[in-house]
Amino acid sequence: ALSEDEFHDAVSES
Amino acid sequence: MSKLDQILILDPPSDLRFKGPFTDVVTANLKLKNPSDRRVCFKVKTTAPRRYCVRPNSGVIDPGAAVNISVMLQPFDYDPNEKSKHKFMVQTIFIPSNVSDNDTVWKDAKPEDLMDSKLRCVFELPSE
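Set out below in structure tokens:
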């Protein structure tokens, strides 16, 4: 299982 | 860790597919539907924030409503041996009736109130 720490807020601008 | 089941219906439910070649932006669509009778706040998270542009990356879904999210994979040099290990997570929480401000919802959120769904990214190459 992935730890949630690996997730970051997605960005809406490239 | 207590976990609530995700209330939103995700379409697709578990895989985001991106079709190559990856010389230009490739967009995958993700639909979030709220089948409940309460308003839901959502946030999109990813393990590769620099590789994707997500619009919208957060918001509110009214009861019975749905939101279409565009997940845009930025151009990169594709290596045929590369299998994407990127993952996305849709994190959601019911909006308490006494709260109007979304930032407050997340700030006050208790871990046991959060619901999440994880999706993995699949890179597809056109047949050579």
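So the sequences go chain by chain: R and C.
Just add 73 to the spot in the first sequence (first one is 1) and you have this note's numbering.
Just add 447 to the spot in the second sequence (first one is 1) and you have this note's numbering.
For glycine and all other residues, C-beta sits at the position ideal for the given N, C-alpha and C.
This structure is a prediction, so every number in the text was calculated from the model and none was measured.
Quiz item: Secondary structure at Arg-485 (chain C), three-state DSSP: helix, strand or coil?
Solution: coil
Quiz item: If contact means a Cβ-Cβ distance below 7 Å, which residues of the segment 500-511 of chain C contact chain R?
Solution: Cys-500, Val-501, Arg-502, Pro-503, Asn-504
Practice problem: Count the other CB atoms, across all protein chains shown, that sit within 10 Å of the CB of Leu-520 (chain C); report buried if there are 16 or more and exposed otherwise. | Solution: buried
Quiz item: Based on the DSSP secondary-structure assignment, which residues constitute the bridge partners of His-533 (chain C)?
Solution: Answer is none; His-533 (chain C) lacks a bridge partner.
Quiz prompt | First and last residue of the uninterrupted beta strand (DSSP E) at Lys-450 (chain C) | solution = Here Lys-450 (chain C) belongs to no beta strand (DSSP E), and DSSP marks it neither H nor E.
Practice problem: Identify, in the order they occur along the chain, each residue of the same chain with its Cβ nearer than 6 Å to the Cβ of Ser-564 (chain C), setting aside the five sequence neighbours on each side. | Solution: Gln-453, Leu-457, Val-537
Quiz prompt | Collapsed DSSP secondary structure at Asp-82 (chain R) in the structure displayed | solution = strand
Practice problem: Apply the 10 Å Cβ neighbour rule to Tyr-525 (chain C) and answer buried if 16 or more other Cβ atoms are within range, or exposed otherwise. | Solution: exposed
Practice problem: Output, in chain order, the set of chain R residues within a Cβ distance shorter than 7 Å of Lys-492 (chain C). | Solution: Phe-80, His-81, Asp-82, Ala-83
Quiz item: What are the partner residues of Val-546 (chain C), as DSSP defines its beta bridges?
Solution: Looking at the DSSP assignment, Val-546 (chain C) forms no beta bridge with any residue, so it has no partner.
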